[in-house]
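A.B. asks: Those protein sequence lines, which keep their order, are chains A and B.
With my numbering, the residue at position 65 of the first sequence is 65, and numbering never jumps.
With my numbering, the residue at position 120 of the second sequence is 120, and numbering never jumps.
The beta carbon of each residue, even a glycine, is placed where N, CA and C say it ideally should be.
Only a predicted model underlies this, so the values are computations on that prediction, with no experimental measurement involved.
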Amino acid sequence: MKFDLEVRLAHDGDKWIAYHPDFEACGQSLAELDQDLTRCLLDRQLFPENSHVTIFMAFDHNCIPTWIRQYAYHYFNRHIRLNLKSASLKTQ
Amino acid sequence: MSEMNRKWYSGMTRTEDWWAVWLGSMMFLASIGSLWGLDLTGWMAKPGTWVWGAFSLDAALKPSGYENWHPFLSWLTTYLVFTSLTCLAAAAMKLDLKRFFAGWSILFVLTWVIWVIGQEAHFKVPFNEFEKYGLSWGLSLGGGFSYLLALSVGLIIGNFFKGTADFLMEAAKPEWFIKTAIVFLGIKIGIMSIEATGFITELVMTGVAATFVAYMLFWPIVYVLGRKVFRLSRDAAAVLSSGISICGVSAAIATAGAIRARPVLPVVVSILVVIFAMFELIILPGLYTAIAPNQPIVNGSALGLTVKTDGADAAAGAMLDELMRANAEANLGVVWKEGWILMASLTTKIWIDMFIGVWAFVLALVWVYKVERKAGQSRIGPMEIWHRFPKFVLGYLLVWFSYVMLASTGTETAEALNQTAAAVEGPMRNMMFMLTFVSIGVITDFSKLKGMGKLALLYAVALFGIIAPIAYGVAWIFHRGMMPPSL
Chain A
1 MKFDLEVRLA HDGDKWIAYH PDFEACGQSL AELDQDLTRC LLDRQLFPEN
51 SHVTIFMAFD HNCIPTWIRQ YAYHYFNRHI RLNLKSASLK TQ
Chain B
1 MSEMNRKWYS GMTRTEDWWA VWLGSMMFLA SIGSLWGLDL TGWMAKPGTW
51 VWGAFSLDAA LKPSGYENWH PFLSWLTTYL VFTSLTCLAA AAMKLDLKRF
101 FAGWSILFVL TWVIWVIGQE AHFKVPFNEF EKYGLSWGLS LGGGFSYLLA
151 LSVGLIIGNF FKGTADFLME AAKPEWFIKT AIVFLGIKIG IMSIEATGFI
201 TELVMTGVAA TFVAYMLFWP IVYVLGRKVF RLSRDAAAVL SSGISICGVS
251 AAIATAGAIR ARPVLPVVVS ILVVIFAMFE LIILPGLYTA IAPNQPIVNG
301 SALGLTVKTD GADAAAGAML DELMRANAEA NLGVVWKEGW ILMASLTTKI
351 WIDMFIGVWA FVLALVWVYK VERKAGQSRI GPMEIWHRFP KFVLGYLLVW
401 FSYVMLASTG TETAEALNQT AAAVEGPMRN MMFMLTFVSI GVITDFSKLK
451 GMGKLALLYA VALFGIIAPI AYGVAWIFHR GMMPPSL
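Have a look at this one:
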């Protein structure tokens with residue numbers, strides 16, 4: 001499946017962070033992260049306003065200690081679709 | 001650098017789960033060489049019973065098949081074969097190879113020294129064999145003494161020699177060792193399936209019931225207890241419920257991933273799971289042997305329902321098998337076949353393990369559509385089920401069914417196969433169990449319980465007040481009166 005954008009998803013113990021070469025978005029919850037991501041995309045004008053953007057967030061296993069990775073190599077990846085509306089910064 | 005899992009084959013060369021499948025399958029394939037007249041497993045060393053004051057290397061150490069080999073040559077070959085294979089796996093898993101090699105070598109030697117000591121006749125042999133070994137007293141603990149000794153030495157290192165434990169940590173991988181042993185056990189259940197089809201069928205059917213109990217009874221009870229009494233958040237209660245009710249660390253991670261919980265939650269729950277599994281491993285085999293010495297299969301199955309990591313469950317099952325058989329021989333006058341009590345414990349646990357992927361998938365849907373009510377935000381794919389499936393189970397099933405198919409083709413084939421497969425199912429499997437006991441002790445640091453407070457209390461209450469009693473009751477309903485075959 002093709003996505004418009006791919007980011008790396010991590011958690012620093014306090015907040016979720018989406019890393020991309022052009023920006024970093026963050027939020028206490030995933031919903032807040034998505035809002036901040038929308039803001040970043042609009043600020044940097046990577047996509048036109050009012051467009052729909054599909055994003056793949058690949059979970060970075062480096063935020064889980066090495067000893068625990070043996071039990072499961074898959075935590076989660078996220079596929080989301082954002083509606084880039086500057087007025088409401090609303091996710092779909 | 002991030003590690004991402006995008007494909008269905010992600011992890012095939014870099015996870016312990018898959019490497020258990022590869023190592024187990026390699027040894028099974030080697031044992032099949034007997035069908036063409038080749039003994040490719042006879043080099044494997046095995047310990048023998050010896051008597052204090054009359055130690056001889058020939059009695060204490062033997063080759064499995066190559067009878068004219070010197071015992072030390074057999075042991076050295078065992079070391080070289082397993083060191084090469086595990087180092088190959090460690091390199092593929094991107095472990096620190098130098099540290100792994102050094103740690104593995106120390107663990108290997110330590111394990112064999114303990115294993116040989118544990119075979120001393122005063123600790124091991126049953127009451128009715130005292131005369132044969134010229135004994136006036138003995139503990140009659142069977143192979144259980146080796147396991148207890150291995151666990152004790154591991155725990156002493158893990159809790160009192162923390163620098164050494166840190167050094168050994170790179171190679172101390174109890175889950176990997178036990179999953180490899182479980183793949184080897186596929187041969188054992190293959191043999192059992194041919195010997196007693198009805199018994200195995202009943203174990204499998206009970207496994208289905210146990211799965212229902214774990215997911216539909218334990219999980220909701222612990223979740224409600226966590227939410228209503230301990231006032232935990234939804235995600236904390238869900239992760240803890242899975243860890244304690246289903247299959248420990250892998251369930252905690254699967255659930256946390258499914259509900260998109262903060263990574264710190266499964267880490268904390270996993271520490272609790274590992275440490276409490278140690279209490280279960282120390283307490284339950286002896287307790288069950290004492291309170292119900294004539295209910296071997298009930299006890300085995302109850303362990304499978306109660307102990308929440310594969311490593312601790314298989315280790316506890318092996319210890320229970322040894323203690324109950326030794327006790328039955330000494331006090332009940334019956335000699336049960338080895339491995340059936342262990343198999344009752346493992347079959348129950350493996351069934352529970354297999355459905356964790358489905359459960360994680362269901363929880364993911366519930367969280368997205370009912371709890372967070374943001375159905376359009378994230379896409380949940382059925383691929384999640386595959387990602388969470390315990391892959392070592394594939395190796396276990398593959399070896400089991402392959403053995404049954406090959407052995408069913410004729411008596412001569414079965415006999416040829418039995419000769420070489422015995423080295424895999426016997427000493428190789430027991431060596432992996434011994435490595436598990438030492439390693440599980442090395443990685444268990446009881447001081448980590450400090451500061452866990454509410455979660456640790458909930459875990460203790462749920463485990464000993466809810467899970468263990470219900471598990472025993474369920475095992476009793478299904479298995480009371482079932483006995484392993486006698487010799």
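Return the chain-ordered ranges of every alpha helix (DSSP H) run that is complete within the segment 48-81 of chain A and spans a minimum of 4 residues.
C.D. replies: Correct list: 66-69.
A.B. asks: Would you grab the beta carbon distance between residue 448 (chain B) and residue 271 (chain B) for me? Rounded to a whole angstrom, and I think it's under 8 Å.
C.D. replies: The Cβ separation is near 5 Å, so the contact holds.
A.B. asks: DSSP beta-bridge partners for residue 26 (chain A)?
C.D. replies: A:17.
A.B. asks: Who pairs with residue 50 (chain B) in a beta bridge, going by DSSP?
C.D. replies: According to DSSP, residue 50 (chain B) bridges with B:120.
A.B. asks: Please classify residue 62 (chain B) as buried or exposed, where buried requires at least 16 neighbouring CB atoms within 10 angstroms.
C.D. replies: Classification of residue 62 (chain B): buried, given that the 10 Å Cβ count is 16 or more.
A.B. asks: Anything in chain A within Cβ reach of residue 264 (chain B), meaning under 7 Å, just list it in chain order.
C.D. replies: Simply 13.
A.B. asks: Taking residue 261 (chain B) and residue 239 (chain B) to be in contact with their CB atoms under 8 Å, please state how far apart those CB atoms are, rounded to whole angstroms.
C.D. replies: At roughly 6 Å, the Cβ-Cβ gap stays under 8 Å, so residue 261 (chain B) and residue 239 (chain B) are in contact.
A.B. asks: Please look up how many angstroms separate the CB atoms of residue 444 (chain B) and residue 144 (chain B), rounded, as I've assumed it's under 8 Å.
C.D. replies: In fact, because the Cβ distance is near 19 Å, the residues do not count as touching under 8 Å.
A.B. asks: Helix, strand or coil: which one does DSSP assign to residue 11 (chain A)?
C.D. replies: Residue 11 (chain A) falls in the strand class under three-state DSSP.
A.B. asks: Between the beta-carbon of residue 349 (chain B) and the beta-carbon of residue 18 (chain B), is there less than 7 Å?
C.D. replies: Not a contact, by the Cβ cut-off of 7 Å.
A.B. asks: Do residue 352 (chain B) and residue 247 (chain B) have their C-beta atoms within less than 7 Å of each other?
C.D. replies: Taking 7 Å as the Cβ cut-off, residue 352 (chain B) and residue 247 (chain B) qualify as a contacting pair.
A.B. asks: Residue 323 (chain B) and residue 293 (chain B): beta carbons closer than 7 Å?
C.D. replies: No, Cβ-Cβ distance for residue 323 (chain B) and residue 293 (chain B) is not below 7 Å.
A.B. asks: In the segment 244-310 of chain B, which residue ranges form an unbroken beta strand (DSSP E) of at least 3 residues, counting only runs that do not cross its ends?
C.D. replies: Those beta strand (DSSP E) runs which fall completely within the segment 244-310 of chain B and span 3+ residues do not exist here.
A.B. asks: Please list, in chain order, the residues of the segment 36-63 of chain A that have any C-beta partner in chain B closer than 7 Å.
C.D. replies: So the list reads 58, 60, 61, 62, 63, given in the order they occur along the chain.
A.B. asks: Per the DSSP calculation, residue 5 (chain A) is bridged to which residue(s)?
C.D. replies: A:55, per the DSSP bridge assignment.
A.B. asks: Can you name, in chain order, every residue of its own chain whose Cβ lies under 8 Å from the Cβ of residue 110 (chain B), other than the five neighbours on each side?
C.D. replies: Once the five neighbours on either side are set aside, the close Cβ partners of residue 110 (chain B) are 153, 438.
A.B. asks: Find the residues of chain A that neighbour residue 260 (chain B), judging by a C-beta separation of less than 7 Å, and give them in chain order.
C.D. replies: Ordered by position in chain A, the residues that pass the 7 Å Cβ test against residue 260 (chain B) are 30, 76.
A.B. asks: Specify whether the segment 114-124 of chain B and the segment 135-143 of chain B touch according to this definition: at least 3 beta carbon pairs, one from each stretch, less than 8 Å apart.
C.D. replies: Contact holds: three or more Cβ-Cβ distances are below 8 Å.
A.B. asks: Taking the beta strand (DSSP E) that residue 62 (chain B) falls in, what are its first and last residues?
C.D. replies: Segment 61-63, the beta strand (DSSP E) holding residue 62 (chain B).
A.B. asks: Express the C-alpha separation of residue 409 (chain B) and residue 40 (chain B) in angstroms, rounding to a whole number.
C.D. replies: Going from the Cα of residue 40 (chain B) to the Cα of residue 409 (chain B) covers about 21 Å.
A.B. asks: Taking the continuous alpha helix (DSSP H) assigned at residue 77 (chain B), which residues delimit it?
C.D. replies: Counting along the chain, the alpha helix (DSSP H) containing residue 77 (chain B) begins and ends at 71-92.
A.B. asks: Give the secondary structure of residue 196 (chain B) by DSSP, where H, G and I count as helix, E and B as strand, and everything else as coil.
C.D. replies: If DSSP states are grouped into helix, strand and coil, residue 196 (chain B) belongs with coil.
A.B. asks: Does any C-beta atom of chain B lie closer than 7 Å to the C-beta of residue 68 (chain A)?
C.D. replies: So yes, residue 68 (chain A) belongs to the interface.
A.B. asks: Chain B partners of residue 65 (chain A), CB-CB under 7 Å?
C.D. replies: Those within 7 Å of residue 65 (chain A) in chain B are 267.
A.B. asks: Output the boundary residues of the alpha helix (DSSP H) element that contains residue 419 (chain B).
C.D. replies: Here the alpha helix (DSSP H) through residue 419 (chain B) covers 411-423.
A.B. asks: Compare the C-alpha of residue 274 (chain B) against each of B:413, B:31, B:307, B:28 and name the closest.
C.D. replies: Comparing Cα positions, the closest option is B:307.
A.B. asks: At the level of alpha carbons, what is the spacing between residue 23 (chain B) and residue 85 (chain B)?
C.D. replies: Taking the straight line joining both Cα atoms gives about 7 Å.
A.B. asks: Let's see if you can read the secondary structure: which residues bound the alpha helix (DSSP H) around residue 454 (chain B)?
C.D. replies: Per DSSP, residue 454 (chain B) belongs to the alpha helix (DSSP H) from 453-460.
A.B. asks: Indicate whether the contact test is met: 3 or more Cβ pairs, each with one atom in the segment 186-201 of chain B and one in the segment 335-346 of chain B, closer than 8 Å.
C.D. replies: Segments in contact, yes.
A.B. asks: When the Cβ atoms of the segment 467-481 of chain B are set against those of the segment 293-304 of chain B, are three or more pairs found closer than 8 Å?
C.D. replies: Touching, yes.
A.B. asks: By alpha-carbon positions, which one of B:130, B:71, B:16 ends up nearest to residue 329 (chain B)?
C.D. replies: Residue B:130 is the option with its Cα nearest to residue 329 (chain B).
A.B. asks: Quick check: the segment 3-15 of chain A against the segment 53-63 of chain A, are there 3 or more CB pairs under 8 Å?
C.D. replies: Verdict: yes, contact present.
A.B. asks: If we call anything under 7 Å between Cβ atoms a contact, is residue 458 (chain B) one with residue 226 (chain B)?
C.D. replies: Against a cut-off of 7 Å, the Cβ pair of residue 226 (chain B) and residue 458 (chain B) comes out as a contact.
A.B. asks: Are the Cβ atoms of residue 104 (chain B) and residue 171 (chain B) separated by less than 7 Å?
C.D. replies: Yes, they are a contact pair.
A.B. asks: State yes or no: is the C-beta of residue 310 (chain B) within less than 7 Å of the C-beta of residue 178 (chain B)?
C.D. replies: In this structure, residue 178 (chain B) lies closer than 7 Å to residue 310 (chain B) by Cβ.
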